[in-house]
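*Asks:*
Residue numbers (my numbering), protein chains in the order written: chain A, 1 to 296; chain B, 1001 to 1550; chain C, 2001 to 2334.
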């Protein structure tokens, strides 16, 4: 579930211009596929309320429950007689929303804590590292389950649960970046001129750590999507009638029609896979173009 | 790193396409030809394999209520009174005959002689007394209440424990070795039926003494007089029973061994049944009926309906306090259409709270709520809610025989209510919390719930939902008339006089619409065709002693 | 070396303490009163108050934590509220099931992943490489439980080659000795049971093992590429050694080092994946047990299960660190 290879705290070639990066990025096929897939998925998510054939919140036909794919319903219908295509389509939107918010949450909190730990060292570092070690001592899904159980089912608690899992990852990454940066010449110079810590951290260290953070965030969206779907599958996900992909799988499984009406699980699962795949490819591509070392 | 993957794209998408095509080609309805040897997996004819919905909570009689436990206990223990196969009529069990005194307050049971528990302890009146005191008397040495045991079901069915004012039982006396007597505070016509319900198996006092507070948990030895002896319980996996060679009913049990396998999800249970690794199972989802019928190795089995699934409307909340609003809600639900589509024809919907087998206590002329959204809208407007209102509705997180797929059913309710302007917010929480929290004041606003009868008496349905103490979850709703009728019916031993009392309660319940009856379902069970002799009980606790495998 | 291990063990203490604290706090946060759960819906306020007193739920939190910690050290994790079974007893019977599944999944991942990675590296950019790497990418992107459902549908329901759930068929008799059924069947020379155990293990192991498989294949490939570009390999090749010899004797040994680390790290993923997978396959392990505990608000079960899994996870990581230090002489045991 983790990214394929750890994001190394590589130093960014600051002089490389945006154009150069762009060129490098687009040379990688995987990055290109990832980019295209991501754009398509995001577009689908944005357009869901406008283009989807049926409204999953209201369009339901009990008489046509669990009907196999047909001309009217390309992907069949679910246990409520709702159009699977519309459901999955809307589900992309919800799943993407969850991942974006939760990764944003993990990114902000994790980065801040990482910056503090790396820059101030001392007690700050000891306590924050201890926290990180503890959070990492739980298999991530277990941690997410714990948070979701405390918060109760619902979109907001899923976002929070998945976000908490991301925090230690960003703490570690940021901290190691800061540790290597703070000894570098330009930071030493700024500090010698008497700049305040806040200024140094946000004006000098943070921008320099941006690239690996972006890479990790992209990869994290994939992980977060998987974890959110996992929570949904365990019944800790979105509340009805919000169509969330993991919850769709859960409904089909616990209501007993997953195996007799396989179309109810096929597309939701495939869609999760595609979303994760897209962000993994994109993240890999970004890493390759931002990290000169990886361009073997 | 991945720059050179010229062929990536193709490979990747071929992969995805392959999965899609393979799976969509696997048509689920493809019927299966009978297999000749019935698949060897479930073993030989001397072992019955039952697909249970999960681990029993405990094998200690009187201290659990879940059906997974009751099913196992049914095989290990006998009760004083048993039920005729497939019905709610009584027949002798460990007691050969029973009778009430003139005033209906003393019940005397003649016990079967020569019966021994699996551990050799003789079964007699003293043993019965020990068991009853465990459940009833908080001071019983063998009750182990200091270890957290409560025997809540005793309180549920008999009012309370020894020493409390609500306890129906006053004394339990050993008359002689084979006679036991129960003295009640007031007449209770359904006493033998209640003491014969699946919860109250008679366990060996010696075994309880030996195991102490651990009696009944995995790792301890559950000892009764029943057709099967407890062998082993591997938690999360299976439980093994073997034949009791000294069983008092000649010729039973018919099969040497019984294995309970714990498979939580209905789809997984059906898959196991189809693969032949289990022989029979319970609680199949109605949506699986077609799949079940398409497999020629399987046979659908229907449990006689003896339950009710209802939508409770809590009158302690503002809009629901008005009777008209509750009636409007009942009127806006298209119950027939919902029941037809979600239960695959395995259920009926009518105006009664009690199932059809108790119809002698109902007035058949009682009309049902008409499905009329227009009228409902008007009623809401008249009651002061022309624009509808917000309603928080709770649905169960688990499947139960009366609501096999609660979530989609709840969404269907929500859609119907939305059509008359009631904005429903659906909510759920984990099952244990769901059950507990509905009693927390002020309770849920509206919620789905249901009931399967413990024994074949209207008291068990109506008193517990509309009588004193039974309405905590609907904001202590109180209807003096209903309370009076229910108490009156309890003290009446003449059935012909009880019937009109109960049918009046049904009418009040219908009119008040605090628990809108949605459905009486026929739980769907399934077996392989080589199994015979399985007669499901409406009470969901039949014996396996009569089942054979070819 | 011993001092290194001792030091690492000492480092663990604060983490273990933190785990116990976190689990304790989480359980405090879960809505609902344990005494109410224990007594059931019919309990009176008096009964609840009495039980709270008895369970020590009225004491201040730090005291409650200390007593929790004290019990933890004595391996007293309490009893399940629902079944009354001591947690330690349940852990003892369920851990072998989870561990056996994890090991089988890891074996599956290694047996396929390492050769796939090596082949991919050696035949860089060939069709094997492309296939291996694209499947591996697909593997990490899939929800495991979904894969599990598809496998059950295909192999158990549709083709009926393998059993859909459980750990052991009913027709097979096997007396558990160690609790590890493969081991038990071999010890008793019970060949039918052995085959049956394998048949039951196959689908869940593939399900749980897919992500580690994908990651191991990738790591092996990149480690192999790294090593193959090193000078001594070039020297070996220049000496005219057979390619097969170069790879098996020179490259492989050094390339496997990072793989060892990954194995340890992936065990955590396995334990996490087990929660979802065990539910699908009715596997009588710790994952399904914790999940049911959560559903039933069985606090002692959740508490005991989570603490146990976290501790195992931490210990496995320690083991990896130590074995890594053991394997790689360049690391100093400071």
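Yeah, the Cβ is synthetic: ideal placement off N, Cα and C, and Gly gets one too. Treat the numbers as computed from the prediction; the structure is a model and nothing was measured.
Between which residues of its own chain and residue 1256 of chain B is the CB-CB distance below 6 Å, once the five residues before and five after are set aside?
*Replies:* One-based indexing of the second chain puts residue 1256 of chain B at position 256. The residues 1046, 1243, in chain order, have a CB closer than 6 Å to that of residue 1256 of chain B in the same chain once the five nearest residues on each side in sequence are set aside.
*Asks:* Where residue 39 of chain A and residue 2092 of chain C are concerned, what is the direct C-alpha to C-alpha distance, given to the nearest angstrom?
*Replies:* The count along the first chain starts at 1 and reaches residue 39 of chain A at position 39. The count along the third chain starts at 1 and reaches residue 2092 of chain C at position 92. Taking the straight line joining both Cα atoms gives about 50 Å.
*Asks:* Of all the CB atoms in chain A, is at least one closer than 9 Å to the CB of residue 2224 of chain C?
*Replies:* Residue 2224 of chain C sits at position 224 when you count from the first residue of the third chain. So no, residue 2224 of chain C is outside the interface.
*Asks:* Determine the DSSP secondary structure at residue 1100 of chain B, reduced to helix, strand or coil.
*Replies:* Your numbering for residue 1100 of chain B matches position 100 in the second chain. DSSP, reduced to helix, strand and coil, places residue 1100 of chain B within a strand of the structure shown.
*Asks:* Enumerate in chain order the residues of its own chain whose CB-to-CB distance from residue 2176 of chain C is below 7 Å, with the five nearest sequence positions on each side excluded.
*Replies:* Within the third chain, numbered from 1, the residue matching residue 2176 of chain C stands at position 176. Here the set comprises 2184.
*Asks:* Can you look up residue 1083 of chain B in the DSSP assignment and give me helix, strand or coil?
*Replies:* Working through the second chain from its first residue, we reach residue 1083 of chain B at position 83. Note: residue 1083 of chain B maps to strand in three-state DSSP.
*Asks:* Would you list, in sequence order, the uninterrupted alpha helix (DSSP H) runs of no fewer than 4 residues that lie entirely inside the region 1139-1189 of chain B?
*Replies:* Qualifying alpha helix (DSSP H) stretches, in chain order: 1152-1158.
*Asks:* Pull up the distance between the alpha-carbon of residue 1032 of chain B and that of residue 1296 of chain B, whole angstroms please.
*Replies:* Indexing the second chain from 1 puts residue 1032 of chain B at position 32. Indexing the second chain from 1 puts residue 1296 of chain B at position 296. Per-residue confidence for residue 1032 of chain B stands at a pLDDT of 42, beneath the threshold of 50, marking its modelled position as unreliable; no derived number is given.
*Asks:* Return the chain-ordered ranges of every alpha helix (DSSP H) run that is complete within the region 1394-1428 of chain B and spans a minimum of 4 residues.
*Replies:* Segments of the alpha helix (DSSP H) lying fully in the region 1394-1428 of chain B: 1406-1419.
*Asks:* For residue 1314 of chain B, which option in B/1165, B/1466, B/1481, B/1111 has the closest C-alpha, if you only look at C-alpha atoms?
*Replies:* Locating residue 1314 of chain B in the second chain gives position 314, counting from the first residue. Nearest option by C-alpha distance: B/1466.
*Asks:* With a threshold of 8 Å, are at least 3 pairs of Cβ atoms found where one atom belongs to the region 2178-2194 of chain C and the other to the region 1235-1253 of chain B?
*Replies:* no
*Asks:* Using a Cβ-Cβ cutoff of 9 Å, what residues of the region 1243-1261 of chain B are near chain A? List them in chain order.
*Replies:* Listed by position, the residues of the region 1243-1261 of chain B near chain A (Cβ gap below 9 Å) amount to none.
*Asks:* DSSP state of residue 1277 of chain B, grouped into three classes?
*Replies:* Reading the second chain from its first residue, position 277 is the one you call residue 1277 of chain B. Reduced to three states, the DSSP call for residue 1277 of chain B is coil.
*Asks:* Do you know how far the Cα of residue 2008 of chain C is from the Cα of residue 2017 of chain C?
*Replies:* Locating residue 2017 of chain C in the third chain gives position 17, where the first residue counts as 1. Locating residue 2008 of chain C in the third chain gives position 8, where the first residue counts as 1. Distance between the alpha carbons of residue 2017 of chain C and residue 2008 of chain C is about 15 Å.
*Asks:* Between A/140, A/126, A/82, A/131, which lies nearest to residue 2337 of chain C when the distance is taken from Cα to Cα?
*Replies:* No information on residue 2337 of chain C is available, as it lies outside the stretch 2001 to 2334 that chain C covers here.
*Asks:* For residue 267 of chain A, which residues from the same chain have a beta carbon less than 7 Å from its beta carbon, with the 5 sequence-adjacent residues on both sides left out?
*Replies:* One-based indexing of the first chain puts residue 267 of chain A at position 267. Contacts found: 75, 84, 88.
*Asks:* Whose CA, out of B/1301, B/1276, B/1277, lies closest to the CA of residue 1288 of chain B?
*Replies:* As a first step, residue 1288 of chain B is located in the second chain; it is residue number 288 there, counting from the start. Considering only alpha carbons, the answer is B/1301.
*Asks:* In chain C, which residues lie with their C-beta within 9 Å of the C-beta of residue 276 of chain A?
*Replies:* Position 276 of the first chain, counted from the first residue, corresponds to residue 276 of chain A. Within chain C, the residues near residue 276 of chain A are 2140, 2141, 2142, 2143.
*Asks:* For a test of the three-state rule: what should DSSP assign to residue 1438 of chain B, helix, strand or coil?
*Replies:* Residue 1438 of chain B sits at position 438 when you count from the first residue of the second chain. Coil at residue 1438 of chain B, not helix or strand.
*Asks:* Identify the contact partners of residue 280 of chain A in chain C, using a Cβ-Cβ distance below 7 Å as the criterion.
*Replies:* Locating residue 280 of chain A in the first chain gives position 280, counting from the first residue. Those within 7 Å of residue 280 of chain A in chain C are 2137, 2140, 2141.
*Asks:* In chain order, which continuous runs of the alpha helix (DSSP H) of length 4 or greater are located wholly inside the region 1285-1348 of chain B?
*Replies:* 1289-1294, 1318-1321, 1323-1332, 1335-1342
*Asks:* Just curious, the alpha helix (DSSP H) that residue 1497 of chain B is in, first and last residue?
*Replies:* By one-based count along the second chain, residue 1497 of chain B stands at place 497. Per DSSP, residue 1497 of chain B belongs to the alpha helix (DSSP H) from 1495-1512.
*Asks:* Evaluate contact between the region 2231-2248 of chain C and the region 2156-2172 of chain C, counting only Cβ atoms and requiring at least three cross-stretch pairs below 8 Å.
*Replies:* Fewer than three beta-carbon pairs drawn from the region 2231-2248 of chain C and the region 2156-2172 of chain C are found closer than 8 Å, and the two stretches are therefore not classed as touching.
*Asks:* Check whether the region 2218-2235 of chain C and the region 2277-2288 of chain C touch, using three or more Cβ-Cβ pairs below 8 Å as the test.
*Replies:* no
*Asks:* Just to check my reading of the structure: residue 1328 of chain B and residue 1273 of chain B have Cβ atoms closer than 8 Å, yes? What is that Cβ distance to the nearest angstrom?
*Replies:* Within the second chain, numbered from 1, the residue matching residue 1328 of chain B stands at position 328. Within the second chain, numbered from 1, the residue matching residue 1273 of chain B stands at position 273. Not quite, the Cβ-Cβ distance comes to about 44 Å (not below 8 Å), so this is no contact.
*Asks:* What in chain C is Cβ-close to residue 123 of chain A, meaning under 9 Å?
*Replies:* Numbered from 1 along the first chain, position 123 holds the residue referred to as residue 123 of chain A. Think of a sphere of 9 Å around the beta carbon of residue 123 of chain A: no beta carbon from chain C falls inside it, the nearest being about 14 Å out.
*Asks:* Using a Cβ cut-off of 8 Å, which residues of the region 45-67 of chain A contact any Cβ in chain B, in chain order?
*Replies:* 58, 60, 62, 63, 65, 66
*Asks:* Would you please verify whether the beta carbon of residue 1278 of chain B is less than 9 Å from any beta carbon of chain A?
*Replies:* The count along the second chain starts at 1 and reaches residue 1278 of chain B at position 278. Residue 1278 of chain B does not count as touching chain A.
*Asks:* In the structure shown, what three-state DSSP assignment does residue 2086 of chain C receive?
*Replies:* As a first step, residue 2086 of chain C must be located in the third chain, where it is residue number 86. Three-state result, residue 2086 of chain C: strand.
*Asks:* Which of helix, strand or coil does DSSP assign to residue 73 of chain A?
*Replies:* Residue mapping note: residue 73 of chain A aligns to position 73 of the first chain, counting from 1. Residue state, collapsed to three classes: coil.
*Asks:* Would a check of beta-carbon distances place residue 20 of chain A closer than 9 Å to chain B?
*Replies:* Mapped onto the first chain, residue 20 of chain A falls at position 20. Closer than 9 Å: no.
*Asks:* Answer with buried or exposed for residue 1114 of chain B, where buried requires no fewer than 16 other C-beta atoms within 10 angstroms of its C-beta.
*Replies:* As a first step, residue 1114 of chain B is located in the second chain; it is residue number 114 there, counting from the start. With fewer than 16 Cβ atoms within 10 Å of its Cβ, residue 1114 of chain B is classed as exposed.
*Asks:* Ignoring anything shorter than 4 residues or poking outside the region 2067-2152 of chain C, list the alpha helix (DSSP H) runs there in chain order.
*Replies:* 2087-2122, 2127-2141, 2144-2151
*Asks:* What separation, rounded to the nearest whole angstrom, lies between the Cα atoms of residue 2134 of chain C and residue 1235 of chain B?
*Replies:* As a position in the third chain, residue 2134 of chain C is number 134, starting the count at 1. As a position in the second chain, residue 1235 of chain B is number 235, starting the count at 1. Their Cα atoms are separated by approximately 41 Å.
*Asks:* Quick one: what's got a C-beta closer than 7 Å to residue 1403 of chain B's C-beta in the same chain, skipping five residues either side?
*Replies:* Translated into the one-based positions of the second chain, residue 1403 of chain B becomes position 403. Excluding residues within five positions, the ones whose Cβ falls inside 7 Å are 1309, 1396, 1409, 1448, 1450.
*Asks:* With a threshold of 9 Å between beta-carbons, can residue 2047 of chain C be considered close to chain B, or not?
*Replies:* As a working note, residue 2047 of chain C is residue 47 in the third chain. Output row for residue 2047 of chain C: interface = yes.
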